[in-house]
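Report on the structure given below.
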Amino acid sequence: MNPVFAQGLLDVDFGLFFWVLITFLLFLFLLTKFAWKPILNALGEREKAIKESLEAAEKAKEDAMRISKENEKALKKAESISQKMRKEAIEEAEALRADRAEKAKVEAEKLLDQARSTIEQEKKKALLELRAEVSKMAIEAASRILDEEIDEKRNKKIVDRYIKELNQATADS
Amino acid sequence: MMKQLLRFLLLNLVLVTGVAVVSNAESGDENRIDLIGKVVDHHYLDFKPLATVELPRLIYDNGRIHAYRSTTSLLNKSKLFTDAGYIDAEPVVQNGLIKPATYQIVRTDGTSPQFDFSITSHLVFFWIAAFLTFLIFIPLSLKYRKGIGRNSEPKGAFQNIFETLVVFIRDEIALQNIGSHKYMTFTPYLLTVFFFILFMNFFGLMPWGVSSTADITITAVLALFTFATTQIFATKDHWKHVFWFPGVPIPIKFILMPVELIGLFTKPFALCIRLFANMASGKILIMAILGTIFIFSDLFGPGVAYGTSWVWVFLTLFVYLIKALVGFIQAYVFTILSALFIGLAVADHSEEHAH
Numbered sequence: 001m002n003p004v005f006a007q008g009l010l011d012v013d014f015g016l017f018f019w020v021l022i023t024f025l026l027f028l029f030l031l032t033k034f035a036w037k038p039i040l041n042a043l044g045e046r047e048k049a050i051k052e053s054l055e056a057a058e059k060a061k062e063d064a065m066r067i068s069k070e071n072e073k074a075l076k077k078a079e080s081i082s083q084k085m086r087k088e089a090i091e092e093a094e095a096l097r098a099d100r101a102e103k104a105k106v107e108a109e110k111l112l113d114q115a116r117s118t119i120e121q122e123k124k125k126a127l128l129e130l131r132a133e134v135s136k137m138a139i140e141a142a143s144r145i146l147d148e149e150i151d152e153k154r155n156k157k158i159v160d161r162y163i164k165e166l167n168q169a170t171a172d173s
Numbered sequence: 001m002m003k004q005l006l007r008f009l010l011l012n013l014v015l016v017t018g019v020a021v022v023s024n025a026e027s028g029d030e031n032r033i034d035l036i037g038k039v040v041d042h043h044y045l046d047f048k049p050l051a052t053v054e055l056p057r058l059i060y061d062n063g064r065i066h067a068y069r070s071t072t073s074l075l076n077k078s079k080l081f082t083d084a085g086y087i088d089a090e091p092v093v094q095n096g097l098i099k100p101a102t103y104q105i106v107r108t109d110g111t112s113p114q115f116d117f118s119i120t121s122h123l124v125f126f127w128i129a130a131f132l133t134f135l136i137f138i139p140l141s142l143k144y145r146k147g148i149g150r151n152s153e154p155k156g157a158f159q160n161i162f163e164t165l166v167v168f169i170r171d172e173i174a175l176q177n178i179g180s181h182k183y184m185t186f187t188p189y190l191l192t193v194f195f196f197i198l199f200m201n202f203f204g205l206m207p208w209g210v211s212s213t214a215d216i217t218i219t220a221v222l223a224l225f226t227f228a229t230t231q232i233f234a235t236k237d238h239w240k241h242v243f244w245f246p247g248v249p250i251p252i253k254f255i256l257m258p259v260e261l262i263g264l265f266t267k268p269f270a271l272c273i274r275l276f277a278n279m280a281s282g283k284i285l286i287m288a289i290l291g292t293i294f295i296f297s298d299l300f301g302p303g304v305a306y307g308t309s310w311v312w313v314f315l316t317l318f319v320y321l322i323k324a325l326v327g328f329i330q331a332y333v334f335t336i337l338s339a340l341f342i343g344l345a346v347a348d349h350s351e352e353h354a355h
């Protein structure tokens with residue numbers, strides 16, 4: 001009998017060798033062509049797509065950030081412009097108001113002056129008229145006194161009556 | 001104390017197992033288990049106690065291929081060949097049919113035929129592993145062709161599990177060891193080797209299963225493919241490193257040349273032996289540990305054997321789990337070493353120096 005330990009364990013069987021060689025070559029070819037290449041290609045494609053979409057997302061994010069920054073800048077600028085405009089408008093309005101007030105004051109002053117001068121003139125005229133009237137009345141009173149003569153009592157009565165008339169006349173007029 | 005006991009047990013185990021196997025061979029007792037016979041190749045599939053399926057015999061001799069359905073069929077029909085065991089002895093006849101004794105087929109004059117390329121159990125399980133790989137990855141590739149996993153995420157456990165393995169081999173084994181320029185050329189080879197070895201290893205864990213990788217012929221073929229790949233795709237730089245190592249004094253170059261030359265062959269040889277020894281030893285270890293129960297029964301009586309059997313069963317379970325792990329690890333190791341050797345052969349050193 002053959003030695004028992006390691007009997008056939010380390011023998012290389014060339015029949016088996018032949019079959020395994022052929023099978024392995026065949027399956028290596030078939031699997032490479034129909035399994036590994038399609039799978040690896042698909043995986044590669046998917047990874048590429050993922051990588052590209054990630055990069056696109058990154059780029060989009062950057063773009064969005066840039067745009068939002070630009071928007072912010074524009075907004076700030078617009079705000080500052082509007083503020084300036086408002087300030088200008090306020091200043092303008094203020095100036096306009098001041099101007100108007102000044103004008104109104106001047107106008108009022110002018111009107112007041114006019115009124116004053118008119119009043120003065122009227123006063124002067126009135127005074128003149130009064131003077132003339134008084135002198136006329138005095139002359140008239142004097143002429144009446146002269147006409148009625150001596151009676152003092154009567155004189156006094158005349159004068160009183162005259163004054164009374166005068167008062168009445170002024171009251172009537 | 002415990003240690004001494006253990007040493008005693010181990011020593012006994014080794015000695016007694018040897019004695020038992022030898023006595024088995026000498027007595028030819030049918031009830032004894034042939035330990036090595038569990039690991040070596042056979043011309044039949046063993047489904048004991050249900051059945052033993054004999055495999056076809058294919059023999060090339062004198063310019064003709066002789067094909068028979070089974071060894072029994074050959075022994076009964078062929079006038080040219082006979083079992084090596086029946087040259088001197090009378091053939092065993094059962095139900096009117098001559099039954100094979102050694103399964104070793106020789107010419108009737110006792111000389112070996114020119115080429116015996118019969119189907120063997122290891123070959124059957126190699127084919128099963130190959131077909132399994134085919135049956136898994138062809139439907140998977142169809143899925144990718146349809147766009148699932150190409151344009152969308154992978155769907156389902158099936159696709160996810162195998163995609164993870166494929167991506168692992170591509171990125172962690174091929175890319176890491178071969179480099180980004182050439183790794184895609186060798187990834188299909190590495191994937192094929194990995195899944196073949198993985199499935200062959202795992203078949204050894206199944207009932208009636210045989211791990212074909214526990215056969216040195218099969219590991220030799222696989223190692224030969226890695227060797228051939230490294231030689232075919234080797235760069236000029238690689239050969240320069242083998243025959244005229246750059247950057248060392250001339251006497252050193254002469255010393256390095258044989259070292260490098262031997263290195264060319266030791267690499268695939270180590271690949272071959274490592275896988276074979278790892279897978280064969282696991283099975284032998286399990287058989288030996290379980291055998292201890294019967295040896296104890298012989299030595300100390302059945303009572304002791306029953307009493308201690310849980311230890312051996314537990315140990316067997318442990319070794320079995322280790323084997324499951326080893327099945328995966330050895331497939332990984334073979335693939336990564338193949339990738340490493342290929343990577344060394346195809347590396348462009350001038351480029352590396354430039355970095």
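Protein chains in written order, with this note's numbering: chain A, 1 to 173; chain B, 1 to 355.
In this text, a Cβ means the ideal position worked out from N, Cα and C, and glycines have one as well.
*Any Cβ of chain B within less than 8 Å of the Cβ of Ala42 of chain A?*
At least one chain B Cβ lies under 8 Å of Ala42 of chain A.
*What residue from B:Asp348, B:Ala228, B:Val333 has the CA that sits closest to Leu275 of chain B's CA?*
Among B:Asp348, B:Ala228, B:Val333, the Cα nearest to that of Leu275 of chain B is on B:Val333.
*To the nearest angstrom, report how far apart Lys143 of chain B and Phe162 of chain B are at their CA atoms.*
Rounded to whole angstroms, Lys143 of chain B to Phe162 of chain B spans 12 Å at the Cα level.
_Contact set between the segment 38 to 65 of chain B and chain A, restricted to residues whose Cβ is under 7 Å from the partner_ = Sequence-ordered contacts of the segment 38 to 65 of chain B with chain A read Val39, Val40, Asp41 [C-beta pairs closer than 7 Å].
_Is His181 of chain B close to chain A? Criterion is C-beta to C-beta, closer than 8 Å._
His181 of chain B does not count as touching chain A.
*Any C-beta of chain B sitting closer than 8 Å to the C-beta of Ala57 of chain A?*
Judged by the 8 Å Cβ criterion, Ala57 of chain A is not in contact with chain B.
*Starting from Ala51 of chain B and walking both ways along the alpha helix (DSSP H), at which residues does that stretch end?*
Segment 51 to 54 is the beta strand (DSSP E) holding Ala51 of chain B; no alpha helix (DSSP H) there.
_CB contact flag (Trp312 of chain B, Thr335 of chain B, <8 Å)_ = For the pair Trp312 of chain B and Thr335 of chain B, the CB atoms are not nearer than the 8 Å cut-off.
*Between the segment 275 to 291 of chain B and the segment 212 to 219 of chain B, are three or more C-beta pairs nearer than 8 Å?*
With the cut-off at 8 Å, the segment 275 to 291 of chain B and the segment 212 to 219 of chain B touch.
_Any beta carbon from chain A within less than 8 Å of Phe81 of chain B's own beta carbon?_
Not one chain A Cβ lies under 8 Å of Phe81 of chain B.
*Tell me whether Thr82 of chain B sits in a helix, a strand or coil according to DSSP, three-state version.*
Collapsing the DSSP output to three states places Thr82 of chain B in a strand.
_DSSP three-state label for Asp348 of chain B, please._
For Asp348 of chain B, the secondary structure class from DSSP, reduced to helix, strand or coil, is coil.
_Beta-carbon gap between Leu256 of chain B and Phe245 of chain B smaller than 8 Å_ = Yes, Cβ-Cβ distance for Leu256 of chain B and Phe245 of chain B is below 8 Å.
*Helix, strand or coil for His241 of chain B, going by three-state DSSP, please let me know.*
Helix at His241 of chain B.
*Does DSSP put Arg150 of chain B in a helix, in a strand, or in coil?*
In this structure, Arg150 of chain B counts as coil in the three-state DSSP scheme.
_I want to see whether chain B comes within less than 8 Å of Glu74 of chain A, judged by CB atoms only; does it?_
Looking at the sequence provided, one finds Ala at residue 74 of chain A rather than Glu. Using a Cβ-Cβ cut-off of 8 Å, Ala74 of chain A does not count as an interface residue toward chain B, since no Cβ of chain B sits closer than that to its own.
*asked:* Closer than 8 Å between beta carbons: that is the criterion. Which residues of the segment 96 to 125 of chain B meet it against chain A?
replied: Here the close residues are Phe115, Asp116, Phe117, Ser118, Ile119, Thr120, His122, Leu123.
_Ranges of the alpha helix (DSSP H) found wholly within the segment 169 to 236 of chain B, counting only runs of at least 4_ = Runs found: 183 to 203, 216 to 233.
*Residues near Arg69 of chain B by beta carbon distance below 7 Å, same chain, minus five either side*: Counting only Cβ-Cβ distances below 7 Å, and skipping sequence neighbours, we find Pro56.
*Mind checking which residues open and close the beta strand (DSSP E) that includes Tyr44 of chain B?*
First-last of the beta strand (DSSP E) with Tyr44 of chain B: 44 to 47.
*Determine the contact status of Ile286 of chain B and Val319 of chain B, defining contact as a CB-CB distance below 8 Å.*
Judged by beta-carbon spacing, Val319 of chain B lies within the 8 Å limit of Ile286 of chain B, meaning their Cβ atoms are closer than that value.
*Taking the alpha-carbon positions, what's the Phe265 of chain B to Phe227 of chain B distance?*
About 8 Å.
*Buried or exposed: which applies to Phe137 of chain B, given that a residue is buried once 16 or more other Cβ atoms fall within 10 Å of its Cβ?*
Result: buried.
_Please report the straight-line C-alpha distance between Ile65 of chain B and Gln104 of chain B, rounded to a whole angstrom._
Ile65 of chain B and Gln104 of chain B have their C-alpha atoms some 17 Å from each other.
*Below-8 Å beta-carbon distance, Leu16 of chain A vs any chain B residue*: At a cut-off of 8 Å, the C-beta of Leu16 of chain A has a neighbouring C-beta in chain B.
_Quick check: the Cα distance between Glu27 of chain A and Arg145 of chain B, rounded to an integer number of angstroms?_
Going by the sequence as given, residue 27 of chain A is Phe instead of Glu. Rounded to whole angstroms, the gap between the alpha carbons of Phe27 of chain A and Arg145 of chain B is 20 Å.
_Terminal residues of the beta strand (DSSP E) in which Asp61 of chain B lies_ = From DSSP, the beta strand (DSSP E) with Asp61 of chain B extends over 57 to 61.
*Please name the residues in the segment 277 to 295 of chain B whose beta-carbon is closer than 8 Å to at least one beta-carbon of chain A, in chain order.*
Against chain A - using a Cβ distance shorter than 8 Å - the residues of the segment 277 to 295 of chain B are Ala280.
*With 8 Å as the C-beta to C-beta threshold (strictly closer), list the residues of the segment 143 to 168 of chain B near chain A in chain order.*
Hits within the stretch, in order: Tyr144, Arg145, Gly149, Arg150, Asn151, Glu163, Val166, Val167.
*asked:* Per DSSP, what are the beta-bridge partners of Ala67 of chain B in this structure?
replied: Beta-bridge pairing links Ala67 of chain B to B:Leu58.
*DSSP three-state assignment for Ile81 of chain A, whether helix, strand or coil*: For Ile81 of chain A, the secondary structure class from DSSP, reduced to helix, strand or coil, is helix.
*Classification of Ala176 of chain A by the beta-carbon crowding that lies within 10 angstroms, buried from 16 upward*: Beyond the ends of chain A as shown, which are 1 and 173, falls residue 176 of chain A; an answer cannot be given.
*Mind checking Tyr306 of chain B: buried by the 16 CB within 10 Å criterion, or exposed?*
With fewer than 16 other Cβ atoms from the protein chains shown falling within 10 Å of its own Cβ, Tyr306 of chain B counts as exposed.
_Check this for me: beta carbons of Ala324 of chain B and Leu198 of chain B, under 8 Å apart or not?_
In this structure, Leu198 of chain B does not lie closer than 8 Å to Ala324 of chain B by Cβ.
_Reference Ile119 of chain B, options B:Asp41, B:Asn76, B:Phe81, closest by Cα_ = Among B:Asp41, B:Asn76, B:Phe81, the Cα nearest to that of Ile119 of chain B is on B:Asp41.
*Return the first residue and the last residue of the alpha helix (DSSP H) that Val106 of chain B is part of.*
Where Val106 of chain B is concerned, there is no enclosing alpha helix (DSSP H), although the beta strand (DSSP E) it sits in stretches over 105 to 107.
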